[in-house]
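Residue 371 in the numbering used here sits at position 362 of the sequence shown, and the numbers go up by one each step.
The C-beta atom is built at its ideal place from N, Cα and C for all residues, glycine as well.
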Amino acid sequence: MFWGWAKIDEGVEVKKFTLRALRMAGYATLMCVMAAPAFAAPETKPTGPQVTLLDKQISELETQIAVDLAHENDVAAADRAKVDLQIDIHLIERWLLAHAADAPLGDPLQVCATLRAGEVASVGDGLVKRYQSAPSSLTPTQLDGLHRLHEMTYKLPAIKSVADLDSTCQTMATDLILAAGPNQGEVDKLPKMRPAAVSDQASEANRSQSLSDLVTQAQSAEVSGPLRHELEMLARYAATAASDVKKKDEAQALEQSLRSALTLIRGLPSDALAKPQAEAAITQALALINDPRTREAGFDRLASLNDPQQLIGAGEGISLPAASQTKLASAMDWAQRNPEKGELLLAVIRRFAAISAEIDQPHSAAGLSLNQQKAIDLLQKQIIAERTEFLDAASAFDPLHGSTGTLSRLRGLIDRMRNSLDLIGSIERLNKSVQVLSTYKLRPYGMLERRSVTAMTELAGAVTSARRDAAIKFVQDTDRLGQIAGAFTAASAGISPQIKKQYMGDQAEAIETHRANLVSELGTELGSGKPLDRSTFARLESFNTLYASLREAETTESIIQQMDSLTQWVDWTISSDQLRAALQPYQDATIAAFTAFLNDDAAPMTAWPAIHNQYLPLIRAAAQAAQNAQACSKLPTGYFADCAKLMTPMSEQPYAAERETSFALSLWSQGADATDTTPAQAMIDWISKRLAGAPVSPK
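What follows is the structure, given as structure tokens:
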């Protein structure tokens with residue numbers, strides 16, 4: 010179409026009938042493309058937020074194409090070339106987005122087709138600008154490139170895979186390079202437009218495994234009988250869903266669950282205490298997934314085990330003395346031979362191993378008063394006696410008679426040891442806690458110090474009494490409040506005024522003053538012996554968690570500023586402005602939580618942790634991408650670099666997570682300013698779960 014406007018020979022113009030024919034051909038192009046088999050709706054078209062947002066883009070493109078075609082002959086001759094080229098580019102964009110809309114949410118073809126549409130738009134804009142600054146006549150090579158691109162719009166192919174898409178985009182890129190009329194050297198050695206360092210090859214290789222490979226792995230996994238049963242059942246469900254074209258989304262979710270479970274199994278600990286416990290956690294998650302009624306809960310449970318280390322209880326690597334191992338030998342042997350019923354016993358023994366190691370750690374008496382040391386000595390003797398009692402009870406463990414009662418007794422002994430150890434820690438920190446709280450101008454002056462001396466006198470006595478119980482409560486409360494105050498001091502160091510303003514609003518000083526007043530009020534109540542407002546403790550602890558996030562916010566701001574240096578990366582298309590806008594709801598929620606603390610309103614503070622957890626995977630993904638800033642800065646820029654993006658393959662390539670994140674935020678941008686922002690927010694929810702490793706079930 011565009012080439013019809015060029016001067017083929019000096020002084021020779023295209024005749025008027027050619028103009029009319031070209032314009033009619035433009036209408037024909039639109040009609041042919043919209044009726045092409047490539048756009049034929051599947052039997053069951055996917056639904057969801059991605060379809061809503063993709064259809065919105067498609068509709069906008071169709072409107073623009075129609076407007077350009079209808080008014081093509083109304084524009085000045087010098088501008089007609091730009092309109093013609095834009096029509097072809099918009100047709101190709103629409104074709105790509107239509108393929109994306111027909112794919113299930115998160116399908117690699119959907120992700121890549123959406124990103125390719127953005128690349129085509131960018132190259133088209135670049136070519137128009139290049140023509141505006143170039144001579145009016147085009148070379149035969151340029152005309153040939155435009156002709157090839159135009160002809161393609163009449164026979165846009167059906168794309169069945171990302172590999173097909175790569176091949177078509179490479180052909181388009183070649184035509185677009187020819188159409189630009191490159192000078193010598195402009196297209197020499199165009200690189201692949203992604204960082205040389207590949208951080209997720211292992212992850213990508215795992216994703217590329219077929220479902221049949223996963224089923225084989227499930228059948229051969231060396232795991233307990235219950236876990237093998239759930240694995241094989243999940244594999245059968247995934248295979249059955251995959252064979253039904255109407256269950257593509259369900260098949261994808263089940264296959265991803267199977268893949269995640271096998272990854273967890275490969276990371277199982279070899280420790281005799283840890284492995285059965287970890288297998289039990291996976292077994293329970295898969296059992297929930299395998300029942301349609303609890304599948305959502307199972308997806309969430311499996312996602313929580315995404316890090317293999319989360320499967321391992323406290324005390325990994327801790328070994329027990331030989332005498333203790335002898336006492337526990339029969340119980341451990343029974344539990345390992347009966348994993349279905351022995352899981353609870355192994356969990357108890359593992360807790361004991363961790364506490365036992367903590368008991369044997371040396372305690373420093375430096376700075377402690379005589380009564381403090383006496384109180385600690387009494388508690389240590391009590392703990393040693395409880396440890397001996399635990400070993401004696403475990404050695405007499407009888408799985409056939411009274412096992413429930415025995416387990417209950419073992420748990421009770423562990424809880425008592427834990428409480429005593431915690432109290433020792435509180436006594437050791439008491440002097441520091443009093444010192445920290447004294448800086449909050451407690452009234453009456455010196456009362457807290459005097460009460461601490463009295464409390465330690467009570468605890469140094471061996472007789473249990475109401476006064477001793479009160480002393481224990483005082484020490485624990487003073488320690489808790491001292492740690493709350495100290496944690497804020499550590500968290501607040503070095504936070505810039507700019508970050509405080511962004512995430513606390515204009516009330517940072519008032520908020521911090523309110524926090525200090527609450528600490529002072531609780532410290533005064535402690536010193537005077539008045540009943541404490543327990544809810545204030547919880548509010549201050551929540552505030553500390555909220556305030557600690559400002560340190561993370563400083564890092565996030567630094568990451569945002571690096572986004573523009575990544576824009577030449579074919580797999581990462583997120584700009585600084587786009588990321589900042591996507592994170593704005595989290596920033597707003599943080600301001601609301603701080604304001605709520607100032608106003609003693611619990612609801613926004615209670616809601617904040619969930620919002621923080623929702624956006625944290627996206628922040629971490631951006632931080633991971635930012636590590637490639639230096640490598641991306643070495644990639645070329647300009648029109649031919651944009652063409653090189655189209656030539657860079659995506660099929661079976663690394664950085665799938667980066668592509669998915671770019672896809673989600675690309676669609677989010679389309680709906681963020683709409684009247685109904687629900688579809689846009691759904692894309693944030695989807696990518697957050699995806700990045701966190703949670704299987705995303707069809708909605």
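For residue i, three-class secondary structure by DSSP
i: V84; result: coil
i: P594; result: helix
i: W677; result: helix
i: M692; result: helix
i: M181; result: helix
i: W12; result: Reliability of the predicted coordinates at W12 is poor, the pLDDT of 38 falling under 50, and the value obtained from them is presented with this limitation in mind. Three-state DSSP puts W12 in a helix.
i: K4; result: Outside the shown range of the chain, which is 10 to 708, sits residue 4, and nothing can be said about it.
i: V76; result: helix
i: V207; result: With a pLDDT of 44 at V207, under the threshold of 50, the predicted position of this residue should be treated as unreliable, though the coordinate-derived value follows. Coil at V207, not helix or strand.
i: Q345; result: helix
i: N553; result: helix
i: E352; result: helix
i: H372; result: coil
i: A683; result: coil
i: T148; result: coil
i: D18; result: Unreliable positioning characterises D18 in this predicted model, as indicated by a pLDDT of 34, which lies under 50. The coordinate reading is nonetheless provided below. Coil.
i: D111; result: coil
i: I583; result: coil
i: G154; result: helix
i: R452; result: coil
i: F603; result: helix
i: G702; result: coil
Cα-Cα separation, residue i to residue j
i: A250; j: T53; result: 15 Å
i: R699; j: A247; result: 19 Å
i: L575; j: T646; result: 11 Å
i: K539; j: L439; result: 19 Å
i: Y449; j: R420; result: 40 Å
i: K169; j: E550; result: 53 Å
i: D486; j: L337; result: 36 Å
i: T533; j: R489; result: 14 Å
i: K441; j: M465; result: 15 Å
i: T564; j: H108; result: 38 Å
i: P58; j: C121; result: 17 Å
i: Q596; j: Q633; result: 20 Å
i: E264; j: V254; result: 15 Å
i: V484; j: Y664; result: 52 Å
i: A289; j: S339; result: 21 Å
i: T684; j: A182; result: 37 Å
i: P204; j: A612; result: 44 Å
Cβ pair residue i, residue j closer than 7 Å
i: Q587; j: L674; result: yes
i: G680; j: A312; result: no
i: A640; j: T670; result: no
i: Q571; j: A638; result: yes
i: V443; j: E467; result: no
i: N192; j: L243; result: no
i: A260; j: L240; result: no
i: I368; j: I385; result: no
i: L627; j: S697; result: yes
i: E667; j: D580; result: yes
i: A653; j: M161; result: no
i: I433; j: F361; result: no
Residue i beta carbon near the ligand GTP (any heavy atom closer than 6 Å)
i: P663; result: As for the ligand GTP, it is missing from this structure, which has no ligand bound.
Burial state of residue i, where buried means 16 or more other Cβ atoms lie within 10 Å
i: L106; result: buried
i: G491; result: buried
i: P506; result: exposed
i: N526; result: exposed
i: Y512; result: buried
i: R268; result: buried
i: R304; result: buried
i: S474; result: exposed
i: R103; result: buried
i: R275; result: exposed
i: Q381; result: buried
i: A331; result: exposed
i: D342; result: exposed
i: L136; result: buried
i: E81; result: buried
i: A79; result: exposed
Residue-level contact to chain D via CB, residue i, 7 Å cutoff
i: T670; result: Of the protein chains in this structure there is only one, and it is not chain D.
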